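Below: one structure, written as structure tokens.
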Amino acid sequence: MLSGQGLFVPEQACKAVRWEAQTVPLPLCGQCCQFSPFRPDLLAVGTAELFGITGPGGLHVFLFAEAVSAEEHRSEETLRGRGGTTSLANNADSWRGCSVREIAFFRTADAVTDCAWSETNENTIATAGADGVVRLWDIRNRVSSGPSKEDSSTSVELKGHAAEVSCIEWPSVSRHLLLSASWDGSARVWHIPALKCTQVLPHPQCVYAASFSPHRPDLVGSVSADGRLRLFDLNAGVARPGGSPGQLEALAGGIRRHRLAGEVVAHAAEALSLDWSKYQDTQIFTGGSDGTLSAWDIRLLGRGPLLSFQAHGLAVRALRCSPFSSGIIATASYDTSVKVFSIGAEGPSPQKFEQRVEAGKAVPVTKRQPAGLVLSGEKVFDHHIEFVVGIDWSLFHEHLLASASWDRHVCLWSPLVAGAGSQPPPRIVPRQLARSTPGARGRIQAPSG
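Quick note: the sequence shown uses this note's numbering, first residue 7, plus one each step.
In structure tokens form, the structure reads like this:
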């Protein structure tokens, strides 16, 4: 195993505030987590009962801070409403003295499988539902009086999927759009101002993840149960049968279908996760149910991965590229671990490799020594005791990471900061789980990973 020593950043060189590790208890199994793109102190978490297999779920919003100044305190009061409670929905006593507090909670009839903050409105969060519905929530509806245990009917529903919605994303470039992926074998693009689906990206099997390129607003990548990575060009539609050149096929309601811009078998088993590099506009990373992590150049998919290696003992359920450091990848796995990898360019410099790619002279790919990228470091965190299914980097605090697990906890820590701030979260202590909800509806399909 590679050493993680080279991954450390000295405290004095880190631009971020030093964060002490936090372990936040959840009332249900953690399914996903995402930091707010507007505020440095907000984290959204999606939950589900019974590991997301059956029963209700919820959307939680947490406010966290290491030290609260008078100005920050006033900001918090404005957000919560004066006199509002900050107790947890399930156990207020466990939060005494803790710097992380729940400020909003929405209950759902089915599991929340993913969540995404709006890129245009700081109070809006989208959730992916096990019932096939995408929902938009305004967190101000649950902030004025603190967390609520009551069922909420305050969401805006986007219906169109015929099975569980597995992934949802609010792109940072085309901010008026929303992307969802589903077990019904499709990814859908929603036009939020009109609250309707405008484009469908068809797949032959379950789609587990989809993501807009942060560099090209018309390019979407996806991974699915057949192990393939697919790229869709939203500007290139499917020609209408018998139509004139340039005439595109449209479904009911003016929805357009789009053809593939490229595809490749990314993993021998199911492909479960993906993310785009935030620095290299042609690089995308995928994770498989076989525990492998692969890096791809979208211009050279047919030549194989730039790098592929066994990242985990079980499925790579989620992965995120660092928004601050090129080549830093965080992964969450069914083997209950979180890992942070350092991946660099093979050879003298990335620029020279790029020149060879442009000239069509990339090094031939082999199983033992893929071309283009090398794994240079690895750090392992084993604080969770159940499947880790959600992970995210903060956009404000450099190297601050959050992980969500089926062990009913979400953790925040700085995995790359050396010194006192680098201590990982303590290992989770098992808790007795509550009884299942009577009359809960079940689901019959789950990723084989």
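Don't be surprised by glycine CBs; every beta carbon is placed ideally from N, CA and C. It should be emphasised that the depicted structure is a prediction, and the values quoted were computed from it without experimental measurement.
Going by DSSP, what residues sit across from residue 277 in a beta bridge? DSSP output for residue 277 lists 294 as bridge partner(s).
How many Å lie between residue 299 and residue 293 at the Cα? 5 Å
Cβ pair residue 415, residue 31 closer than 8 Å: Yes, these two residues count as a Cβ contact at 8 Å.
Counting along the chain, where does the beta strand (DSSP E) carrying residue 435 start and finish? Residue 435 -> no beta strand (DSSP E), and no H or E assigned at all.
If you draw a straight line from the alpha carbon of residue 118 to that of residue 177, how long is it in whole angstroms? 19 Å
Report the residue from 265, 291, 284 and 264 whose alpha carbon sits nearest the alpha carbon of residue 277. 291
Check whether the Cβ atoms of residue 228 and residue 187 sit closer than 8 Å, and answer yes or no. yes
Report buried or exposed for residue 133, applying the criterion of at least 16 other Cβ atoms within 10 angstroms of its Cβ. buried
Report the start-end ranges of each beta strand (DSSP E) in the stretch 296 to 328 that is 3 residues or longer and not cut off at the edges. 298 to 303, 313 to 316 and 322 to 327
Out of curiosity, what's the CA-to-CA distance linking residue 42 and residue 226? 22 Å
If you measure between the beta carbons of residue 395 and residue 166, is that distance less than 8 Å? No; because the gap between Cβ atoms is not below 8 Å, this pair is not in contact.
Ordered along the chain, which non-local residues of its own chain (more than five positions away) have a Cβ less than 8 Å from that of residue 80? Summary for residue 80: the model assigns pLDDT 43, below 50, so the residue's position carries little reliability; its value from the coordinates is reported in the next sentence. Cβ neighbours of residue 80 beyond the five flanking positions: none.
Hey, out of 142, 33 and 116, whose CA is closest to residue 126's CA? 142
What does DSSP give as the partner residues of residue 230 in its beta bridges? 213
Opening and closing residue of the beta strand (DSSP E) in which residue 135 lies: 130 to 135
The beta strand (DSSP E) enclosing residue 208, as first and last residue numbers: 202 to 208
Whether residue 407 touches residue 391 by CB criterion (8 Å): In this structure, residue 407 lies away from residue 391, with their beta-carbon atoms at least 8 Å apart.
Please name the residue in 269, 69, 279 and 309 whose C-alpha comes closest to that of residue 235. 269
Inter-residue Cα distance where the pair is residue 197 and residue 189: 21 Å
Evaluate the contact criterion for the stretch 429 to 438 versus the stretch 59 to 74: three or more CB pairs, one atom per stretch, below 8 Å. no
Which one or two residues does DSSP pair with residue 218 in a beta bridge? Residue 218 is bridged by DSSP to 226.
Tell me the rounded alpha-carbon separation between residue 105 and residue 70. 6 Å
Considering only the beta carbon of each residue, do residue 230 and residue 209 sit closer than 8 Å? The beta carbons of residue 230 and residue 209 sit closer together than 8 Å.
So, helix, strand or coil for residue 349, using DSSP? strand
Near residue 29, what residues of its chain come up, given a Cβ to Cβ distance below 6 Å and the 5 sequence neighbours on each side ignored? 415, 417 and 431
What is the residue span of the beta strand (DSSP E) that residue 109 lies within? 106 to 114
Over the uninterrupted beta strand (DSSP E) stretch that includes residue 37, give me the two end residues. Counting along the chain, the beta strand (DSSP E) containing residue 37 begins and ends at 35 to 41.
For a test of the three-state rule: what should DSSP assign to residue 15, helix, strand or coil? The pLDDT assigned to residue 15 is 47, lower than 50, so where the model puts this residue is not dependable; a value taken from the coordinates is nonetheless given after this. Strand.
Buried/exposed call for residue 48, threshold 16 Cβ in 10 Å: buried
Please state the DSSP three-state secondary structure of residue 26. coil
Could you check the C-alpha separation between residue 175 and residue 40 for me, to the nearest Å? 11 Å
Do you know how far the Cα of residue 315 is from the Cα of residue 224? Roughly 30 Å separates the two Cα atoms.
According to DSSP, which residues form a beta bridge with residue 193? 187 and 207
Have a look at 145, 324 and 433 and flag the residue whose alpha-carbon is nearest the alpha-carbon of residue 297. Ranked by Cα distance from residue 297, the options 145, 324 and 433 are led by 324.
Exposure label - residue 108; buried when at least 16 CB within 10 Å: A buried status is given to residue 108, since no fewer than 16 other beta-carbon atoms sit within 10 Å of its beta-carbon.
Reference residue 136, options 129, 171 and 112, closest by Cα: 171
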